[in-house]
Amino acid sequence: MTHADDDAARKAVQHDQKKLLEVTRLEAWYGEAQALFGIDFSIAAGEAAVLLGRNGAGKSSALKAIIGLEVRRAGKIHFDGIEISNWPTHRIARAGLGFVAEDRRIFSGLTVGENLTVGRLPARPDLEPWDEAQIWQLFPPLEAIRDRRAGHLSGGEQQMLAIARTLMGNPRFLLLDEPSEGLAPVILERIAEAVAKLKARGIGLIVAEQNLEFAGGFAEKAMILETGHLKFHGDIGELDLRPELAERYLAV
């Protein structure tokens, strides 16, 4: 098989994948200040995309606009074939779209196990539900500290807990906002491995990041934002072939 045939086969497989999240002409505002300008993309089940950009590029705003949190938005958002553009955040979450905020938002006064219990939602049709045993398999360090209060955890432990608590809601799709921020390489490796396992379960993901090396361990797609405008959307491998993109939009 030639490289052209291989590329054609790969694109055919991607075309057959179900589009789990579709965003069309997405715009967002904080008050009168516009943060996003006409963004379009789609992510399939079992696919991960990294949303790249400098500080202030609009990465967090894009995730918040999708989940309906803190911003005023316009455009179309379809999740699992249903338009959710005007749904409130709690209804979007119950539909199966999970969000892990940059500040993690765990309950510091509750134990690890209690945080997981708080995050639990009923099982979804055709989706294997998460329980504590599966969480311990995904993040083994959490089992040993299940009775420790979340406020006494390290940054890496808190990040794993934030993801784990969201998984207890049995999401079909995850939005992760800057999960690598301030974490040690060993924790980043564990989170990248966890993302790969989530993809294998058919969960789609968007990970807002500045750490391209970390994201390259699990993402197929890359998107680059600059001042709220989508400047690139394609295979993450293309960034290696076009270093000028990273130099122009990601270099500090």
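Take any residue in the sequence shown, count from 1 to its spot, add 1184: that is its number in the working numbering. Note that the Cβ used here is the ideal one computed from N, Cα and C, for glycine as well. Computed from a prediction, not measured in an experiment: that's the story for all the values here.
Buried or exposed by the 16-neighbour rule on C-beta atoms within 10 Å, applied to residue i
i: Lys1405; result: buried
i: Leu1424; result: Leu is not the amino acid found at residue 1424; the sequence shown has Asp there. So Asp1424 counts as exposed.
i: Arg1289; result: exposed
i: Ala1241; result: buried
i: Asp1224; result: exposed
i: Arg1374; result: buried
Pairwise C-alpha distance: residue j and residue i
i: Leu1382; j: Val1234; result: 15 Å
i: Leu1322; j: Ala1378; result: 6 Å
i: Ala1403; j: Glu1231; result: 7 Å
i: Glu1216; j: Leu1281; result: 27 Å
i: Gly1335; j: Gly1386; result: 32 Å
i: Leu1414; j: Asp1331; result: 43 Å
Contacting residues, own chain, Cβ-Cβ under 6 Å from residue i (five flanking each side not counted)
i: Ser1226; result: Lys1203 and Glu1206
i: Gly1418; result: none
i: Gly1412; result: Ala1219, Leu1220, Phe1221 and Gly1242
Three-state class that DSSP yields for residue i in the structure shown
i: Trp1271; result: coil
i: Thr1208; result: strand
i: Gln1218; result: strand
i: Leu1322; result: helix
i: Leu1372; result: helix
i: Val1391; result: strand
Cβ shell of residue i (< 7 Å), same chain only, five flanking positions each side left out
i: Gly1252; result: Trp1271, Pro1272, Thr1273 and Ile1276
i: Gly1401; result: Ala1376
Residues of its chain near residue i, where Cβ-Cβ distance is below 8 Å and the 5 sequence neighbours each way are ignored
i: Asn1395; result: Ser1364 and Leu1372
Counting only runs that start and end within the stretch 1395 to 1428, where is the alpha helix (DSSP H) found for 4 or more residues in a row?
-> 1396 to 1399 and 1422 to 1425
Unbroken stretches of the alpha helix (DSSP H), 4 residues or longer, contained in the stretch 1284 to 1360 = 1296 to 1303, 1316 to 1322, 1324 to 1328 and 1339 to 1351
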